[in-house]
Amino acid sequence: MITSRTAVVALSVASVSAMFLAGCSSDSGSGGGSGKIAFIQGVSGDEFYISMQCGIEAAAKDAGVTVDTQGPVKFDPTLQKPIVDSVVASRPSAILIAPTDVAAMQAPLEAASKAGIKVVLVDTTLEDPSIAVSSISSDNKGGGAEAFSAIERLSPAGGKVLVISTDPGVSTADARVEGFEEAVGANSAFDYLGVQYSHNDPAEAARLVSAALAKDPDIVGIFAANTFAAEGTATGVRQAGKQDQVKIVGFDAGPAQVKQLREGTVQALIAQQPGTIGTDGVEQAMAAIDDKPVTAEISTGFHVITADNIDGEGAQYVYKSSC
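Everything in the sequence shown is counted per our numbering, starting at 4 for the first residue and increasing by one.
Take a look at the structure:
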């Protein structure tokens, strides 16, 4: 699959019910280019997507285009689809999007591609990503394996471990779980209790962890596969009074997770590079529009943040709350 660089023209979506989305538009300056970039987040208000938006806006400013950012209030394809449909109807040149479900968002984005809109997948993907000019994401499977390596270092004697994720069908989270499962399966000292799904709700994650610790009070490690799972996992462990026993490794590095890391509730964070994903997305969309060579798949790295490096090298990988 050949993919491309972006100059996304997305006419600002005039009206989509507030029940469906929260949006913001940023004029990224006037340069030699024209038009707008449509960025459709997985969920609004998430520091991961805010950090990605910052990268998109910076790259768009350099390209002389503006950015229209929108996202559903929940990571939910039934809320994201109306946003996509409205943006497609406005006939932008390109859309950068984090699909909220590999299957449910396939048809809406195929419609965008058939309408001549350049689609760039950022963070998450689709069952058939060939409709996109480029797919850009972290090495999520590798990040899941690294999360288990962190638990191994924290609990070298082994024991029971659990994963708290969001929902099945979210490509990035599924890959993280897969990487963790393969890694834990290679170490017989650990007993893998499986994955439970918190539906992107910190309160549900806390409830699941509390119930798991009541059933298996000797759990030694939990991998929380996304931002909200990490927040809730830390709460559940703290409520159970198991902070000294249960080692938590969370994926993502928003301010709430960093606070928990500093407090000692969470021992390690796997930080992605959302700003880089956003910058790469704009570059690929611009290339596609200009009929220049593009890269079909781009994998960005991750960094492990611990209490030992949060005030040094790790600080640069903490996600932003605003641009």
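Just so it is clear, CB atoms sit at the ideal spot from N, CA and C, and this is done for glycine as well.
Exercise for review: Locate the alpha helix (DSSP H) running through E316, then write down its first and last residues.
Suggested key: One-based indexing of the sequence shown puts residue 316 at position 313. No alpha helix (DSSP H) holds E316; DSSP gives it neither H nor E.
Point to revise | Other residues of its chain near T236: CB distance less than 6 Å, five sequence neighbours each side excluded | key: Counting from one through the sequence shown, the residue named residue 236 turns up at place 233. Closer than 6 Å at Cβ, skipping near neighbours: I167, A208, V212, I225, A227, I251.
Check your understanding: Which runs of the alpha helix (DSSP H) fall wholly inside the segment 90 to 152 and span at least 4 residues, in chain order?
Key -> 109 to 117
Exercise for review: Please determine, among V223, E266, L196, S138, the residue with the shortest C-alpha to C-alpha distance to E286.
Suggested key: As a position in the sequence shown, residue 286 is number 283, starting the count at 1. Among V223, E266, L196, S138, the Cα nearest to that of E286 is on S138.
Check your understanding: Is there contact here, the segment 300 to 313 with the segment 265 to 279, by at least three beta-carbon pairs under 8 Å?
Key -> yes
Review point. Going by DSSP, what residues sit across from K77 in a beta bridge?
Key: In the sequence shown, counting from the first residue as 1, residue 77 sits at position 74. The bridge partners DSSP lists for K77 come to none.
**Study point:** Same chain, Cβ closer than 7 Å to S174, five either side skipped, listed in chain order
**Key:** Stepping through the sequence shown from its first residue, residue 174 is reached at position 171. Once the five neighbours on either side are set aside, the close Cβ partners of S174 are V105, T127, T128.
Check your understanding: Within the chosen definition, does the segment 181 to 192 reach the segment 88 to 95 through at least 3 CB pairs nearer than 8 Å?
Key -> no
Exercise for review: Below 6 Å CB to CB, which residues in the same chain sit around A215 once its five sequence neighbours on both sides are set aside?
Suggested key: For this step, residue 215 is matched to residue 212 along the sequence shown. Correct list, in chain order: L165.
Exercise for review: Run through the segment 256 to 299 for me and flag every whole alpha helix (DSSP H) of 4 or more residues, listed as ranges in chain order.
Suggested key: 258 to 266, 277 to 292
Review point. P75: which of A243, Y52, V198, G58 sits nearest, CA to CA?
Key: For the purposes of this step, residue 75 is identified with residue 72 of the sequence shown, where counting begins at 1. Closest option to P75, Cα to Cα, is Y52.
Check your understanding: Thinking just about the alpha-carbon of each residue, which of T81, T230, S302, M289 is nearest to the one in A97?
Key -> The residue given as residue 97 occupies position 94 in the sequence shown. Of the candidates T81, T230, S302, M289, the one whose C-alpha sits nearest the C-alpha of A97 is M289.
Practice item. Identify, in the order they occur along the chain, each residue of the same chain with its Cβ nearer than 6 Å to the Cβ of M55, setting aside the five sequence neighbours on each side. Key: The residue labelled residue 55 in the question sits at position 52 within the sequence shown. Around M55: P277, I280, G281.
Exercise for review: Could you check the C-alpha separation between G147 and Y200 for me, to the nearest Å?
Suggested key: Your numbering for residue 147 matches position 144 in the sequence shown. Your numbering for residue 200 matches position 197 in the sequence shown. Taking the straight line joining both Cα atoms gives about 16 Å.
Review point. When DSSP labels each residue in this structure, what does K39 get in the three-state scheme?
Key: Residue numbering aside, residue 39 sits at position 36 when the sequence shown is read from its first letter. K39: strand per DSSP, three-state reduction.
Check your understanding: Do D49 and T230 have their C-beta atoms closer together than 8 Å?
Key -> Translated into positions along the sequence shown, residue 49 becomes position 46. Translated into positions along the sequence shown, residue 230 becomes position 227. Taking 8 Å as the Cβ cut-off, D49 and T230 qualify as a contacting pair.
Exercise for review: With a 10 Å radius around its C-beta and 16 neighbouring C-beta atoms as the bar for buried, classify A257 as buried or exposed.
Suggested key: Stepping through the sequence shown from its first residue, residue 257 is reached at position 254. Residue identity check: residue 257 is Gly in the sequence provided, not Ala. G257 sits buried, since 16 or more C-beta atoms from the chains shown fall within 10 Å of its C-beta.
Review point. Does the Cβ-Cβ distance between K144 and A110 come in under 8 Å?
Key: What you label residue 144 is simply residue 141 of the sequence shown in a count that begins at 1. What you label residue 110 is simply residue 107 of the sequence shown in a count that begins at 1. Against a cut-off of 8 Å, the Cβ pair of A110 and K144 comes out as no contact.
Check your understanding: How would you write the range of the alpha helix (DSSP H) that F51 sits in, first residue to last?
Key -> Residue mapping note: residue 51 aligns to position 48 of the sequence shown, counting from 1. Annotation for F51: the continuous alpha helix (DSSP H) segment containing it runs 50 to 66.
Check your understanding: What residues match up with G224 in a beta bridge as DSSP calls it?
Key -> Stepping through the sequence shown from its first residue, residue 224 is reached at position 221. G224 is bridged to V164, K250.
Check your understanding: When you compare each of T69, E300, A259 to P132 by their alpha carbons, which one comes out closest?
Key -> If you number the sequence shown from 1, residue 132 lands on position 129. Out of T69, E300, A259, E300 has the C-alpha closest to the C-alpha of P132.
Review point. Can the beta-carbon of N203 be found less than 8 Å from the beta-carbon of D170?
Key: Taking the first residue of the sequence shown as position 1, residue 203 is located at position 200. Taking the first residue of the sequence shown as position 1, residue 170 is located at position 167. Their beta carbons are under 8 Å apart, which means N203 touches D170 by this criterion.
Check your understanding: For F42 versus V70, is the C-beta distance shorter than 8 Å?
Key -> Walking along the sequence shown from the start, residue 42 turns up at place 39. Walking along the sequence shown from the start, residue 70 turns up at place 67. Contact: yes.
Exercise for review: Check each candidate in V261, G162, K64 and name the one with the smallest Cα separation from Q319.
Suggested key: Position 316 of the sequence shown, counting from 1, holds the residue named residue 319. Taking only the C-alpha atoms, the option nearest Q319 is V261.
Check your understanding: Should L112 be counted as a contact of the ligand FAD given a C-beta to heavy atom distance under 7 Å?
Key -> Here there are no bound small molecules, and the ligand FAD is not part of this structure.
Review point. In this structure, does DSSP put A237 in helix, strand or coil?
Key: For this step, residue 237 is matched to residue 234 along the sequence shown. Reduced to three states, the DSSP call for A237 is helix.
Review point. By DSSP, does V321 sit in helix, in strand, or in coil?
Key: For the purposes of this step, residue 321 is taken as residue 318 along the sequence shown, with counting starting at 1. Three-state result, V321: coil.
Practice item. Helix, strand or coil for S201, going by three-state DSSP, please let me know. Key: The count along the sequence shown starts at 1 and reaches residue 201 at position 198. Coil at S201, not helix or strand.
Exercise for review: From the DSSP output, in three-state form, read off T169 for me.
Suggested key: The residue you call residue 169 lines up with position 166 of the sequence shown. In this structure, T169 counts as coil in the three-state DSSP scheme.
Check your understanding: Using the rule of at least 16 other Cβ atoms within 10 Å of the residue's Cβ for burial, across every protein chain shown, is Q263 buried or exposed?
Key -> Numbered from its first residue, the sequence shown carries residue 263 at position 260. Result: buried.
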